[in-house]
């Protein structure tokens, strides 16, 4: 799917930005770069700033006109600052990602067009796009660095593409790992019996050290249960916590026996 | 809400990256920057790369230690590459944004901690975080530029905050109450300092009961940190857990004194 997605940079002034864009593209696994009339390319500054994404730069095409860059594309999205006088369909980066993925999944070529560092895309260029995409920046300071804008737009595409994979394959790639109820954890979750055994052991120990009076329970055990249930203990963790209780009890009875 | 969110950069080598981070922050309307032992700051290279986000740089705090940067925070999220051998709760940037917004909306300070350019955060630093956030990059080329990573994480926070404003009725329904980083909880989350005080008290007590040998630590403290960071303790809970440690220590010394 990613191979249907193309990044187009219009008349980029700074070769360093081209390199930073190449790095951002490779990070997000998008490889087709088209440069319309760059000031300087190839350029060693671009190579240096690409941090090793030289394959993207080596295969980049340089063309003369906007039209040459997007001729075979059936979805063209241009980046735009908010508030153009002539309104056009505007997407936020997330909705843009959904449109792009739908189109690429149907085997269409998609172009994401980014404007000049100082003045973006011209009205003529913007009117050749199907959609404009606007990154919802601070209205008082809204101009992102070119490569940052590419990073954000491509991140949303990658993120949504992975979320779609997850929903179709039930792949765990993207699911947040928050504890042992996830396959990426390093140990199996403890069973009910194991955790319950710990709570009983804990309560007895708290009585032994004089911290807990079952006649005046307050909410102590409820609060402790809420801590440990919330983090969903794994088997090793239950063993460690019970080990601490055993050591505490051994310490108490050893001292009793010694004297 | 944004004023509760802090960006922390650990031992940044290149002042240009600090400037680029300041620009990305200002673009996303987040202003609090804390630098832990930067190689060079202030620095004219940082100023130049900030493209006018000089106010962020001027108000940035420089501190000596991770702890100093996050002491008053009750949610700490560290960026991490995938595949650490010791799994920790990991979020993708979108789920990270939801957690951060919940916590900031309940008036808690939140730290987003970014590691060194070449080797990220240390294991010790990562184990002081509640969550790790992982940007789902191309596994064959996964290292984002530092400022790019800040841009993506802050973009998700801003995007989700704007989406919540749009659906302000739906937002309360969407966030599950999973712990004290949510306004529906019955107590405020403990700060970094409070939790750290507990861990130190816990470690001393484990030595006193003969369960822990700091010379042969295995992964004991890391595993215990993972339990308690995962459930995100509230203030009352820290008091209860420290109460148990005090009672344990009192029991040991009372018995020693009696005989």
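Protein chains in written order, with the working numbering: chain S, 5 to 263; chain G, 5 to 263.
The beta carbon of each residue, even a glycine, is placed where N, CA and C say it ideally should be.
Review point. What residues in the stretch 23-36 of chain S have a beta carbon less than 8 Å from any beta carbon of chain G?
Key: 24, 27, 28, 30, 31, 32, 33
Check your understanding: So does residue 122 of chain G have its beta carbon nearer than 6 Å to some heavy atom of the ligand COA?
Key -> In the structure on display, the ligand COA does not appear, and there are no ligands present to speak of.
Check your understanding: Quick one: any contact between the stretch 203-211 of chain S and the stretch 152-170 of chain S, if contact means 3 or more CB pairs under 8 Å?
Key -> no
**Study point:** Sheet register partners of residue 10 of chain G (DSSP bridge)
**Key:** G:36, G:115
Review point. Nearest to residue 186 of chain S by CA position, among G:72, G:94, G:132, is which residue?
Key: G:94
Check your understanding: Taking just the CA atoms, how far does residue 84 of chain G sit from residue 132 of chain G?
Key -> 13 Å
Check your understanding: Under the three-state reduction of DSSP, which class applies to residue 175 of chain S: helix, strand or coil?
Key -> With a pLDDT of 44 at residue 175 of chain S, under the threshold of 50, the predicted position of this residue should be treated as unreliable, and no value is reported.
**Study point:** Cβ shell of residue 33 of chain G (< 6 Å), same chain only, five flanking positions each side left out
**Key:** 6
Practice item. Alpha carbon to alpha carbon, how far is residue 222 of chain S from residue 260 of chain G? Give it in angstroms, no decimals. Key: 30 Å
Practice item. Would you tell me roughly how many angstroms separate the C-alpha atoms of residue 68 of chain G and residue 57 of chain S, rounded to the nearest one? Key: 35 Å
Practice item. In the DSSP assignment, find the beta strand (DSSP E) that holds residue 232 of chain S and state where it starts and stops. Key: First-last for residue 232 of chain S: 224-235, but that is the alpha helix (DSSP H), not the beta strand (DSSP E).
Check your understanding: Is residue 145 of chain G helix, strand or coil when you go by DSSP?
Key -> Here residue 145 of chain G sits in coil by DSSP.
Point to revise | Cβ-based neighbour list, residue 135 of chain G, same chain, cut-off 6 Å, excluding 5 preceding and 5 following | key: 81, 93, 95
Exercise for review: Anything in the stretch 75-108 of chain S with a Cβ closer than 9 Å to a Cβ of chain G? List those residues in chain order, please.
Suggested key: 96, 97, 98
Point to revise | Interface partners of residue 159 of chain S on chain G, CB under 8 Å | key: 97, 139, 156, 159
Review point. Residue 79 of chain S lies in the beta strand (DSSP E); which residues open and close that run?
Key: 79-83 is the span of the beta strand (DSSP E), which, as asked, contains residue 79 of chain S.
**Study point:** Backbone CA spacing between residue 151 of chain G and residue 112 of chain S [nearest angstrom]
**Key:** 32 Å
Check your understanding: When you compare each of S:147, S:255, S:51 to residue 123 of chain S by their alpha carbons, which one comes out closest?
Key -> S:147
Point to revise | Residue of G:202, G:158, G:215 minimising C-alpha distance to residue 10 of chain G | key: The option with the nearest alpha carbon to residue 10 of chain G is G:158.
Review point. Quick one: what does DSSP say residue 65 of chain G is sitting in, helix, strand or coil?
Key: strand
Exercise for review: State whether the stretch 44-52 of chain S contacts the stretch 19-30 of chain S, with contact taken as three or more CB pairs (one from each stretch) at a distance under 8 Å.
Suggested key: A contact exists between the stretch 44-52 of chain S and the stretch 19-30 of chain S.
Review point. With a Cβ-Cβ cutoff of 7 Å, do residue 213 of chain S and residue 251 of chain G count as a contact?
Key: yes
Exercise for review: Tell me, to the nearest whole angstrom, how far the beta carbon of residue 118 of chain G is from that of residue 154 of chain G; I am working on the premise that it is less than 8 Å.
Suggested key: Between the beta-carbon of residue 118 of chain G and that of residue 154 of chain G there is about 6 Å, and that keeps the pair under the 8 Å contact cut.
**Study point:** Alpha-carbon to alpha-carbon, residue 40 of chain S and residue 234 of chain G
**Key:** 49 Å
Review point. Is residue 132 of chain S helix, strand or coil by DSSP?
Key: coil
Check your understanding: residue 220 of chain G: buried (16+ other C-beta within 10 angstroms of its C-beta) or exposed?
Key -> exposed
**Study point:** Of the listed residues G:125, G:13, G:38, G:197, nearest to residue 75 of chain G (C-alpha basis)
**Key:** G:197
Practice item. Would you kindly work out how many angstroms separate the C-alpha atoms of residue 114 of chain G and residue 203 of chain G, rounded to a whole number? Key: So the two alpha carbons sit approximately 20 Å from each other.
Check your understanding: With a cut-off of 7 Å, does the C-beta of residue 204 of chain G fall near any C-beta of chain S?
Key -> no
Check your understanding: Checking contacts by CB at 7 Å: is residue 251 of chain G closer than that to chain S?
Key -> Chain S, which has a Cβ nearer than 7 Å to the Cβ of residue 251 of chain G, makes this yes.
Review point. Considering only residues of the same chain and omitting the five flanking positions on each side of residue 253 of chain G, which have a CB-CB separation below 7 Å?
Key: 209, 212
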